[in-house]
Every structure is written in structure tokens, then in C-alpha cells.
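J.:
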Amino acid sequence: MSQTILIKQQWTPKTFLRSQITGGKKKGRAAGGWIADLAASKRVITLCPPCTPKFNPARVGYRKEKEFPTCHAVCDGCSVMDQYCSMYIYEELYSTVRSTADERRALAKSREQRIKRGYL
Amino acid sequence: MQYAGCIGGGSPMIVRFKVSATGMTPGVIACSAPDGATGEMIVTATTATANQVGTLLDAADSRTGETLTYSTTQGAAEAIYSVIINPDQLIRGLMVTGATGTAITGDTIVTAASNGLTTVGGTSVASPDMDQGMVWYTSGANVGRSRKIVSTSSVTATVVVPFAANAVGDTFQYAGICKGLQGITLTTDVQKFRADIAVATGVNVTTVNMEMNGTTDSYATVVLTDSVFQQTT
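Residue numbers (this note's numbering), protein chains in the order written: chain A, 938 to 1057; chain B, 11 to 243.
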């Protein structure tokens, strides 16, 4: 049986300052506040399975990506790269950046009906 | 443009990149920034692109004071945006005419062809050359049917696999886009595919699928062919 060893991160002044200049969540920043900032700026939010239940997408106008149940990304909650993240897209931007099978199916159905009427 | 999945069917990989140029709007193809650039990615040009990163997903919003581009102001928030980076991703875009992206030009048959081998319309298909592109009917006996164009001359497009006989007044559309061919020119906002440009010119994408409908709802789906995650060019 494998064992997991947790090693505490030793922050030096240099590494702390470096963490402040990189994009993403800053050291010591609460995940909730960081995600609220992402939501306010309409960014895509990615959350790993343990963090997903803590986020209510509907409350901030987000839509969960369901056609692809998972994505490979860094979790915005715990900053861990996870290949089973959930992806949330701002509702108003969804059709701008995503093409779904449902949308294409509706277009194909519309095409069939128009061909039956004789004009595409 | 829209992310429509991957050729391999896998899940998308999303990575945040530092911005190094303006024009970062959701749906554009992002490219790796060149040497000396301030950040990690730029936006594709309309006619050429190299070292593609993927499809940009994020929008900017002034509510948090963040900007679309990089800032050289000390202490300013860093502009970072999410990108789907899968090299085999499928990108779907509307086919349009013109640099600003208006509806595809619909044309009308002015000389009937009983053998179904030619479409003779009112606008030139030879300049820009639609040879190797697609032609499809939007009304008449051939409504909904499409063929690959094998040669063009003035307002006449010729096909090898014949349509049914067409008639004067039948409407049709054409596009300088065809499955399996690389190169599509984008509109000025780099969000749509121009169907009125000659085949195989433009950014490095290869057409995977075409949805040939009316003038305002015809789409092409492409795959990146100069992804920086496969080979840096």
C-alpha cells in the first residue's frame, strides 16, 4: 500500500515575492475570493472534484460544461493540476466559445425542414 | 469561433497564458508570442498564423480593473487568459463574405445546364478562384446538394460529379473552403472564416467538416495545423 508524505512548503521571502508576481491565486488568498474575482471578470473557472461542490455556478451566472464532463486544468480552488476538473463558462459567453452537439443537431433539423420547403 | 471537441475525443486541457498583445476576445485563435514579446501569447493574424496555442476562452471585464492587454505599470494586475491547448482540437466558425464578415453571397443560375456539370451565375468564381472549393444549391431541384468545384472560368464553376439539371433562377452558394485542404482567411476580428477567398490561402488550419446551409448559418470546422505543442515553426 502506498503512503503519501506531506511536506510543508518552506516559503522564503524570495519565493513568496515570486508567487505574488505570477498569474493566478496569490499565496494566502482565500480560494473563494479568488474565484469570485474570476467570476466577476467572466473568466473560465476550473475546479477539481473536491472543490466542485463548494461552487454554485448558477448564482454567478455560470454554466457547467456538460458535453465534456472533465477537463485537464489547474484547479482554481486548490491550485492543483487535475485531469478530472469541471469547467464552468460564463453563460453569456458560452455560445461564443462552445459549439455543442445539441446546437448542431438543431441546425441539422432546421436544414432538413428548409430543404423540404424547397429553400435552404 | 467555437471549441467543438477534439479529433481524438478526449477532454480539453485548459491553461492560462500571460497576454502580450491586444485583441484578446473569446473565441480567437491564440498563438505563442515571439521572442522579445512582453507575454506568452498573441492573437492570430487574418492571413497567416504560426505556433498556434489554441482557442481563447476568457473575456475581460473592467469590473475588476483588469485589462485586455499587458500592463507595464508597477503593481498592476497581470492579464492572464484561459486557452484550450489541445493540438487536435476542432474549431467551428461561421463562413462569411468580406473582411467584416457579412453573409455569404448567394448567387442565381442565369444559364441552365441540363447535364448538371456547371453552375453559371452572376458573380465571378474565377477571381477570387473558387477552384477546389465547394458549391451547393439553396433552392431548385438540387437544394441541399453540394459538389467539389474542379475548375472555374469567369462566372462558371464546373463539377465532375453532376448535379441534377439546374434551371434559371435556382440559387446556389460557393465557398473557397473544402475538407482536407489547409488554409482559410479570417475576418478582421479573426472570429469567422472567409468563404470568398481562394482555396488554401490564409491561416494554418485544415478543414475537417462543412455545414452547408443558408447564407447566414453555414459553418466550417477546422483543426489547427501549426500548433506550438506539436512543432515550433
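Positions of the beta carbon are idealized from the N, C-alpha and C atoms, including for glycine.
For clarity, every value in this text was computed on a predicted model and none was experimentally measured.
What residues in the segment 87-112 of chain B bring their beta carbon closer than 7 Å to a beta carbon of chain A?
T.: Of all residues in the segment 87-112 of chain B, E88, I90, S92 and R102 have a Cβ within less than 7 Å of some Cβ in chain A.
J.: Pop quiz: T249 of chain B and V160 of chain B are said to be a contact at Cβ under 8 Å. What is the actual Cβ separation, rounded to whole angstroms?
T.: Outside the displayed range of chain B (11 to 243) lies residue 249 of chain B, so it cannot be described from this structure.
J.: Any chance the segment 16-33 of chain B sits against the segment 1035-1051 of chain A, with 3 or more Cβ pairs inside 8 Å?
T.: Because the criterion of three Cβ pairs below 8 Å is not met, the segment 16-33 of chain B and the segment 1035-1051 of chain A do not touch.
J.: Taking the C-alpha atoms as reference points, what is the distance between T207 of chain B and G186 of chain B?
T.: Residue 207 of chain B sits at position 197 when you count from the first residue of the second sequence. Residue 186 of chain B sits at position 176 when you count from the first residue of the second sequence. Reading off the sequence, residue 207 of chain B comes out as Ile, not Thr. Each residue's alpha carbon lies about 6 Å from the other.
J.: State the DSSP-derived secondary structure class of T107 of chain B, mapped to helix, strand or coil.
T.: Counting from 1 along the second sequence, the entry for residue 107 of chain B is found at position 97. Here T107 of chain B sits in strand by DSSP.
J.: If you draw a straight line from the alpha carbon of R155 of chain B to that of T225 of chain B, how long is it in whole angstroms?
T.: Working through the second sequence from its first residue, we reach residue 155 of chain B at position 145. Working through the second sequence from its first residue, we reach residue 225 of chain B at position 215. Taking the straight line from one Cα to the other gives about 15 Å.
J.: Counting contacts by CB-CB distance shorter than 8 Å, is S21 of chain B in contact with chain A?
T.: As a first step, residue 21 of chain B must be located in the second sequence, where it is residue number 11. Output row for S21 of chain B: interface = yes.
J.: Apply the 10 Å Cβ neighbour rule to S42 of chain B and answer buried if 16 or more other Cβ atoms are within range, or exposed otherwise.
T.: Along the second sequence, one-based indexing puts residue 42 of chain B at 32. By the neighbour-count rule (16 or more Cβ atoms within 10 Å), S42 of chain B is buried.
J.: Short check: CB of Q99 of chain B to CB of Y13 of chain B, under 8 Å?
T.: Residue 99 of chain B sits at position 89 when you count from the first residue of the second sequence. Residue 13 of chain B sits at position 3 when you count from the first residue of the second sequence. Yes.
J.: At the 8 Å Cβ level, is Y1056 of chain A part of the contact set with chain B, yes or no?
T.: Translated into positions along the first sequence, residue 1056 of chain A becomes position 119. Yes - at least one Cβ of chain B is within 8 Å of the one on Y1056 of chain A.
J.: Between V200 of chain B and chain A, is the shortest Cβ-Cβ distance under 8 Å, so that the two count as touching?
T.: Position 190 of the second sequence, counted from the start, is the residue given in the question as residue 200 of chain B. With 8 Å as the cut-off, V200 of chain B does not count as an interface residue toward chain A.
J.: Does the Cβ of Q183 of chain B have 16 or more other Cβ atoms within 10 Å, making it buried, or fewer, making it exposed?
T.: Residue 183 of chain B sits at position 173 when you count from the first residue of the second sequence. When all chains shown are included, Q183 of chain B counts as buried.
J.: Kindly say whether N223 of chain B, judged by its beta-carbon, lies nearer than 8 Å to any beta-carbon of chain A.
T.: One-based indexing of the second sequence puts residue 223 of chain B at position 213. Taking Cβ atoms only, chain A reaches closer than 8 Å to N223 of chain B, which makes this a yes.
J.: When you compare the segment 109-122 of chain B with the segment 84-96 of chain B, are there three or more beta-carbon pairs, one atom per stretch, that lie closer than 8 Å?
T.: Short answer: they don't touch.
J.: For V135 of chain B and V25 of chain B, I'd like the C-alpha separation in whole angstroms.
T.: Counting from 1 along the second sequence, the entry for residue 135 of chain B is found at position 125. Counting from 1 along the second sequence, the entry for residue 25 of chain B is found at position 15. Approximately 42 Å, taken between the alpha carbons.
J.: Whole angstroms is fine: what's the gap from G998 of chain A's alpha carbon to G37 of chain B's?
T.: As a working mapping, residue 998 of chain A is identified with position 61 in the first sequence. As a working mapping, residue 37 of chain B is identified with position 27 in the second sequence. In a straight line, the C-alpha of G998 of chain A is about 19 Å away from that of G37 of chain B.
J.: Out of curiosity, what's the CA-to-CA distance linking W146 of chain B and K1001 of chain A?
T.: One-based indexing of the second sequence puts residue 146 of chain B at position 136. One-based indexing of the first sequence puts residue 1001 of chain A at position 64. Taking the straight line from one Cα to the other gives about 37 Å.
J.: Report the rounded CA-to-CA distance for F1005 of chain A versus T110 of chain B, giving the unit in angstroms.
T.: Here the question's residue 1005 of chain A lines up with position 68 in the first sequence. Here the question's residue 110 of chain B lines up with position 100 in the second sequence. Near 32 Å, if we compare the C-alpha coordinates of T110 of chain B and F1005 of chain A.
J.: Just to check, is the beta-carbon of M51 of chain B closer than 7 Å to a non-hydrogen atom of the ligand PLP?
T.: The ligand PLP is not part of this structure, which contains no ligands at all.
J.: Any beta carbon of chain B sitting closer than 8 Å to that of K979 of chain A?
T.: For the purposes of this step, residue 979 of chain A is taken as the residue at position 42 of the first sequence. Chain B, which has a Cβ nearer than 8 Å to the Cβ of K979 of chain A, makes this yes.
J.: Let me know the secondary structure DSSP gives L1030 of chain A once reduced to three states.
T.: For this step, residue 1030 of chain A is matched to residue 93 along the first sequence. Here L1030 of chain A sits in helix by DSSP.
J.: Near C188 of chain B, what residues of its chain come up, given a Cβ to Cβ distance below 7 Å and the 5 sequence neighbours on each side ignored?
T.: Taking the first residue of the second sequence as position 1, residue 188 of chain B is located at position 178. Within the same chain, C188 of chain B has close Cβ partners Q142, G143, M144, K158, V209 and T217.
J.: Please identify the residue among B:G46, B:A55, B:T48 and B:A47 whose C-alpha is closest to the C-alpha of A40 of chain B.
T.: In the second sequence, the residue the question calls residue 40 of chain B occupies position 30. A40 of chain B has its Cα closest to that of B:A55, out of B:G46, B:A55, B:T48 and B:A47.
J.: Grab the span of the beta strand (DSSP E) containing L66 of chain B for me, first residue to last.
T.: Here residue 66 of chain B is taken as the residue at index 56 of the second sequence, counted from 1. Note, L66 of chain B: beta strand (DSSP E), Q62 to L66.
J.: Would A205 of chain B count as contacting chain A if we go by Cβ distances under 8 Å?
T.: The sequence position of residue 205 of chain B within the second sequence is 195, counting from 1. No, because no Cβ of chain A sits closer than 8 Å to the Cβ of A205 of chain B.
J.: Between the Cα of V106 of chain B and those of B:N214, B:Q241, B:T235 and B:M11, spot the shortest distance and give me the residue it belongs to.
T.: Against the second sequence, residue 106 of chain B aligns to sequence position 96. Residue B:M11 is the option with its Cα nearest to V106 of chain B.
J.: Counting contacts by CB-CB distance shorter than 8 Å, is G193 of chain B in contact with chain A?
T.: By one-based count along the second sequence, residue 193 of chain B stands at place 183. No, its Cβ sits nowhere closer than 8 Å to a Cβ of chain A.
J.: Does the count of Cβ pairs from the segment 1008-1017 of chain A and the segment 964-981 of chain A closer than 8 Å reach three?
T.: With the cut-off at 8 Å, the segment 1008-1017 of chain A and the segment 964-981 of chain A touch.
J.: Between which two residues does the beta strand (DSSP E) carrying R1035 of chain A extend?
T.: On the first sequence, residue 1035 of chain A is found 98 positions in, with the first residue counted as 1. Premise fails: R1035 of chain A is in no beta strand (DSSP E) and is neither H nor E.
J.: With DSSP run on the structure shown, which of helix, strand or coil describes T989 of chain A?
T.: In the first sequence, counting from the first residue as 1, residue 989 of chain A sits at position 52. Helix at T989 of chain A.
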